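Asks: These protein sequence lines are chains A and B, in that order. Quick note on the numbering used here: the first sequence kicks off at 1 and runs consecutively. Quick note on the numbering used here: the second sequence kicks off at 1001 and runs consecutively. Before I ask anything, let me first share the structure, which is written out below as structure tokens.
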Amino acid sequence: MTTKKLPMRAKLATSATRSAAALSRATGRGDGSVIGGRIGLMIDPNLLAELASGRQIVLISGTNGKTTTTRLTTAAMSVLGNVATNGLGANMPTGHTSALAKAGPTPYAVLEVDEHYLDQVLDATHPRVVALLNLSRDQLDRAKEVAMMAALWRESLAKRDIQVVANADDPMVTWAAQVAEHVTWVAAGQRWHDDSWVCPECGATIERMGDAWWCSGCTLHRPVPQWTVQHDGVVDPTGTYHEVKLQLPGRVNRANAATALAVAAHFRVRIADALARMTEVKSIAGRYAMVERDGRMIRLLLSKNPAGWLEAFDMADNVPTLLAINARDPDGLDTSWLYDVDFSPLRGRHVLITGDRAMDLAVRLTVNGIAFQHVPSFGRALASVPPGRLEVIANYTAFQDIRAELDRVN
Amino acid sequence: MSTDSQLRLVWVYPDLLSTYGDRGNLLILAHRAGLRGLPVASVEVRSDQALPVDGDIYLLGGGEDGPQSLASQRLLADGGLHRAVDRGAVVFAVCAGYQLLGNSFYAKGTECRGLELLDLTSDRGPSRAVGELAGDIDSRLGLPRLTGFENHGGRTHLGPEVYPLARVTTGIGNDGQTEGAWRGKILGTYSHGPALARNPALADLLLRWATGSMLPPVDDAWPDALRKERLSAVAS
């Protein structure tokens, strides 16, 4: 798109997208990316394809870690030039349209894609690389079953000649990606196993030993990874170890960094250059940021599903911890997943609970044998802990509520 | 209860029948038995293993069509659940697990043979039932109102040899009128996942059936608060 001119209709649609987004921001209705994109696509249904054309595009999808990996990949790719991205997590075609319209012409774009929309966005954007992170249960009252999602991915990758970067430690992702002609495998880890015990190919049991996994009934097994997360760093395809010093906590973010490095390597970004840019990333739309309030140093962690909670427990420091749970539309209305999470890593900590569905959490923690204190609000939580660190783990809308109280921390 | 005086809880085929926090029912029964000082052994039996017949309470969870029909076939071939029921074991099943206890059910568009442990048949409804479920439980069971969350596409038709678990006041359940079914010590419900979290008295009923004795009351302040919140949410 740097040299190519947009057709008239696309130009009009692009400008309408930008003004609607600006209007939405100005009136305090949100960041505007969804409404802007929706209006643009109404004027020109082909707008996303028009805006994508001429750019080298990376798509990033999966159940968890999309937003962070998109940010890290954007940082790595910025070594090469300007990168358009939907960094605020508006990850459906309206959000992609809005992000590309807002960025203007850029040689590169890195887009986070909701896993249900991957096929549609592949069609519209013809990406050069697609990164697939993981698949696990998420928003149970409406999301497609994990195996069904893997089958949809597999189907859409089989019919395209595309470079895929995929997680070799996730059997569902492996099965979906292995039909692609070119796959770079990343050993990105899988802490949550409970959605991949049954082989998506033949229905037999998946066996695991150490890092290895294989199907007991067919040939599906862990591919040999080219990139591996090891200790505090990443081993590249030549076997060279690179220390990864991120400001973002946890092993899962080193794995996200490994995926970002593997993607950037397809664009010939040097690893050292990419790492230097990735190290600058401090927080992701409020996640991981350390905020001071009334003498409390508060860090927000977002967890939207069982796999995400396991990762959050791995990142969380051993300090007073507030858990906040809602079940509004964006969260899914069903709180059953609380019983898929083992909260015992929190045992012995000062645990506080809040949110619309704190009572569900109260019963869950009681059954888990974890003492807790119920507080009616974030403010009361602050007043209930001594000055010092407070860890906050929240699901989507509960996270946004608390973020709003902290002046929409970024 | 079995002779070694341990309460044996058997989770049937978690590799096939486990969605929506189904583990919750196992954890809640173990927790509530523990509060009464009952020693508990929890066993998870995968579908490639023989089902033990000496369990006291068997739990069946939810699942998608493919795993559901596979689970039914394997349970019919194994025969262990039928032998356990003949011995007087308690069975608690939710959602797909509830359907497969019946005479027949539909999975992937075809009629599948069920275990015939409850006199009922299931087919597909005109729409998916997703949301809060509430109802007045059969007075013979002496339990307070049922509260739960349902998410299923099935409709279940009860035969003359089972009782409905509840009369629906919110949601769909079996058919918009009745919800769940029970006979003897076998009980099934569309209230999915950790159904016992919101219905501690139902959990205690299963424990009473299994132990044959009354249970001392426990502090249910949090489950009661949760029940009150969910039941008032559907009342408004």
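A virtual CB, placed ideally from N, CA and C, is assigned to each residue, including glycine. The structure displayed is predicted, hence computed values, not measured ones.
Kindly indicate which three-state DSSP category A:Tyr288 falls into: helix, strand or coil?
Replies: In this structure, A:Tyr288 counts as coil in the three-state DSSP scheme.
Asks: In terms of residue numbering, what span does the alpha helix (DSSP H) encompassing B:Trp1067 cover?
Replies: Looking at the sequence provided, one finds Pro at residue 1067 of chain B rather than Trp. Unbroken alpha helix (DSSP H) run through B:Pro1067: Asp1065 to Asp1078.
Asks: Just the Cα atoms here: how many angstroms apart are B:Gln1177 and B:Ala1096?
Replies: Roughly 19 Å separates the two Cα atoms.
Asks: For B:Gly1173, count neighbouring C-beta atoms within 10 Å of its own C-beta (all shown protein chains included) and say buried if the count is 16 or more, exposed if not.
Replies: Buried, because 16 or more other Cβ atoms sit within 10 Å of the Cβ of B:Gly1173.
Asks: Distance, Cα to Cα, A:Asp62 vs A:Ile39?
Replies: Per the sequence presented here, residue 62 of chain A reads as Gly, with Asp not at that position. Cα to Cα, the separation comes out at about 27 Å.
Asks: When you compare the CB of B:His1031 with every CB in chain A, is at least one pair closer than 8 Å?
Replies: Yes, its Cβ sits closer than 8 Å to a Cβ of chain A.
Asks: Name the two residues that bound the continuous alpha helix (DSSP H) containing A:Met42.
Replies: Unbroken alpha helix (DSSP H) run through A:Met42: Ser33 to Ile43.
Asks: If you draw a straight line from the alpha carbon of A:Ala131 to that of A:Ile35, how long is it in whole angstroms?
Replies: Roughly 27 Å between the two C-alpha positions.
Asks: Rounded to whole angstroms, what is the Cα-Cα separation between A:His116 and A:Leu135?
Replies: Distance between the alpha carbons of A:His116 and A:Leu135 is about 11 Å.
Asks: Quick one: grab the DSSP three-state call for A:Trp370.
Replies: It is worth fixing the name first, because residue 370 of chain A is Ile in this sequence and not Trp. Note: A:Ile370 maps to coil in three-state DSSP.
Asks: Residues of the stretch 1039–1065 of chain B in Cβ contact with chain A at a cutoff of 9 Å, in chain order, please.
Replies: Those residues of the stretch 1039–1065 of chain B that come within reach of chain A (Cβ to Cβ, closer than 9 Å) are Arg1046, Ser1047, Asp1048 and Glu1064.
Asks: Taking B:Asp1219 as the reference, give the member of B:Glu1229, B:Arg1230 and B:Asp1204 with the closest Cα.
Replies: For the residues B:Glu1229, B:Arg1230 and B:Asp1204, the minimum Cα distance to B:Asp1219 belongs to B:Asp1204.
Asks: Inspect the CB distances between the stretch 364–383 of chain A and the stretch 299–306 of chain A and report whether three or more fall short of 8 Å.
Replies: Output reads no: the stretch 299–306 of chain A does not touch the stretch 364–383 of chain A.
Asks: How would you label A:Thr240, buried or exposed, when you count the other beta carbons within 10 angstroms and need 16 or more for buried?
Replies: Burial call: exposed.
Asks: Going along the stretch 200–229 of chain A in order, which residues come within less than 8 Å of chain B, judged by CB to CB distance?
Replies: Per Cβ criterion, the list reads Gly203 and Thr205.
Asks: Report buried or exposed for A:Pro127, applying the criterion of at least 16 other Cβ atoms within 10 angstroms of its Cβ.
Replies: A:Pro127 should be labelled buried.
Asks: From B:Arg1128, B:Val1090 and B:Thr1169, pick the residue whose C-alpha is nearest to that of B:Ser1232; which is it?
Replies: Considering only alpha carbons, the answer is B:Thr1169.
Asks: Figure out for me which residue from B:Ala1089, B:Glu1116 and B:Thr1156 has the closest Cα to the Cα of B:Asp1056.
Replies: The option with the nearest alpha carbon to B:Asp1056 is B:Ala1089.
Asks: Please work out which residues of its chain come closer than 6 Å, Cβ to Cβ, to B:Thr1156, disregarding the five sequence neighbours upstream and downstream, and give them in chain order.
Replies: Once the five neighbours on either side are set aside, the close Cβ partners of B:Thr1156 are Leu1120, Ser1122 and Asn1174.
Asks: Taking the continuous alpha helix (DSSP H) assigned at A:Gln120, which residues delimit it?
Replies: Start and end: Leu118 to Thr125.
Asks: Tell me where the alpha helix (DSSP H) around A:Val173 begins and ends.
Replies: Its alpha helix (DSSP H) spans residues Pro171 to Ala177.
Asks: Can you look up A:Met1 in the DSSP assignment and give me helix, strand or coil?
Replies: Only weak support is given to the placement of A:Met1: the predicted model assigns it a pLDDT of 43, under 50, and the question is left unresolved by the model.
Asks: Taking Cβ positions only, does A:Ser98 come closer than 8 Å to chain B?
Replies: For A:Ser98, the answer is no, since every Cβ of chain B falls outside 8 Å of its Cβ.
Asks: In terms of alpha-carbon separation, which member of A:Ile353, A:Asp342, A:Ile57 and A:Pro320 lies closest to A:Ile162?
Replies: Considering only alpha carbons, the answer is A:Ile57.
Asks: Starting from the Cα of A:Arg268, find the closest Cα among A:Val129, A:Ile60, A:Met42 and A:Asp317 and give me that residue.
Replies: If we check each option's Cα against that of A:Arg268, A:Val129 comes out closest.
Asks: Return the Cβ separation of B:Leu1059 and B:Val1010 in integer angstroms, given the expectation that the two are a contact with Cβ distance under 8 Å.
Replies: So it is a contact: roughly 7 Å between Cβ atoms.
Asks: Just checking, does the stretch 1015–1024 of chain B make contact with the stretch 1186–1204 of chain B on the three C-beta pairs under 8 Å criterion?
Replies: Touching, yes, given that three or more Cβ pairs across the two stretches are closer than 8 Å.
Asks: Can you pull the DSSP bridge partners for A:Pro386?
Replies: None, per the DSSP bridge assignment.
Asks: Using a Cβ-Cβ cutoff of less than 7 Å, which residues in the same chain neighbour A:Asn256 once the five nearest sequence positions on both sides are dropped?
Replies: Gly65, Thr68, Thr69 and Leu72, listed in sequence order.
Asks: Interface residues of chain A around B:Met1149 at Cβ under 7 Å?
Replies: Residue 1149 of chain B is actually Phe in this sequence, not Met. Here the neighbours are Asp334 and Ser336.
Asks: Measure the Cβ-Cβ separation of A:Trp175 and A:Glu201 and say whether it is below 8 Å.
Replies: Cβ distance < 8 Å, so A:Trp175 and A:Glu201 count as in contact.
Asks: So which residues on chain A does B:Gly1159 lean against when the C-beta distance must stay under 9 Å?
Replies: Simply none; closest approach about 29 Å.
Asks: Is it true that the CB of B:Leu1118 sits closer than 8 Å to the CB of B:Val1162?
Replies: Yes, these two residues count as a Cβ contact at 8 Å.
Asks: Is DSSP giving A:Met8 helix, strand or coil here?
Replies: Helix.
Asks: Identify every run of the beta strand (DSSP E) within the stretch 1144–1219 of chain B, keeping only runs that are complete inside it and at least 3 residues long; order them along the chain.
Replies: Segments of the beta strand (DSSP E) lying fully in the stretch 1144–1219 of chain B: 1146–1158, 1163–1170, 1178–1183 and 1186–1189.
Asks: By DSSP, does A:Tyr396 sit in helix, in strand, or in coil?
Replies: It is helical.
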